[in-house]
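Report on the following structure.
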Amino acid sequence: MVNLEEKINRKCGFCGGDLYVLASYEHRPKGETNFNLEPYWRRLLKCRQCGHSVNQHRFEFDTDFYSNLYSASTYKGQLRSRFQKIMLLPFDSSDNQQRFDFMSKFIIELNGSTPSRCLDVGSGLGVFPALLKEAGWTCTALEPDPIACNLISELVVLKP
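No gaps in the numbering here: position 72 of the sequence shown is 72 in the working numbering, and each next residue is one more.
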């Protein structure tokens, strides 16, 4: 059960606004990849002022998780086809495109100018850096999985 009135003892990292609990999970939701993370607990916090969301959890992720387990469990050796499928999604079906759109508008509103550079930490398949590149941004993609890094270098062709 989500308690929308629960007091969150932290502020939005972007605007300093109050956060509220948008969703809360004590068990892995249907459709989420099983990484055998126990005990399972996470919640999604959202800023009442600017709408920025934060994923809060108690999981311990080590280097091995992101350097091979995440990619192997999530994409099962189909990185290239998943990248291409996601890049072809229409705007309404693409959380990546919607995230980019939200971020761009938010930064323009905050700074009064169009942003042009981004550091993407945990780049995964490289979809977000690819969208940034298409929009004319300069992007540095940080990804610990060497297989995903090779794919990003090949398909997105970012500057070294």
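C-beta: ideal position from N, C-alpha, C; glycine also.
Ranked by Cα distance from L125, the options N96, L37, S116 are led by N96. CA-to-CA, the gap between L22 and M87 works out to about 28 Å. Collapsing the DSSP output to three states places S24 in a strand. Using a 10 angstroms sphere on the CB of S116, the tally of other CB atoms stays under 16, which defines it as exposed. Of the residues assessed, E143 falls on the buried side of the cut-off, its CB having 16 or more other CB atoms within 10 angstroms. According to DSSP, residue pairing for L45 in a beta bridge involves V21, V54.
Burial is judged here by how many other beta carbons sit within 10 angstroms of a residue's own beta carbon; K30 has fewer than 16 and is exposed.
Measuring C-alpha to C-alpha distances from G16 to each of R28, C50, E32, S94 identifies C50 as the nearest. Boundaries around D101 are those of the alpha helix (DSSP H), 95-111, since no beta strand (DSSP E) includes it.
For the 7 Å CB-CB criterion, F102 and L155 do not form a contact.
Scanning I8, R10, F128, F14 for the CA closest to the CA of E109 turns up F14. Its chain contains Y40, W41, R42, R43 as the residues whose beta carbon lies nearer than 8 Å to that of Y25, once the 5 sequence neighbours on both sides are disregarded; these appear in chain order.
Listed in chain order, the non-local C-beta contacts of A148 below 8 Å within the same chain comprise S71, L79, S123, G124, L125, G126, local neighbours out to five positions each way being set aside.
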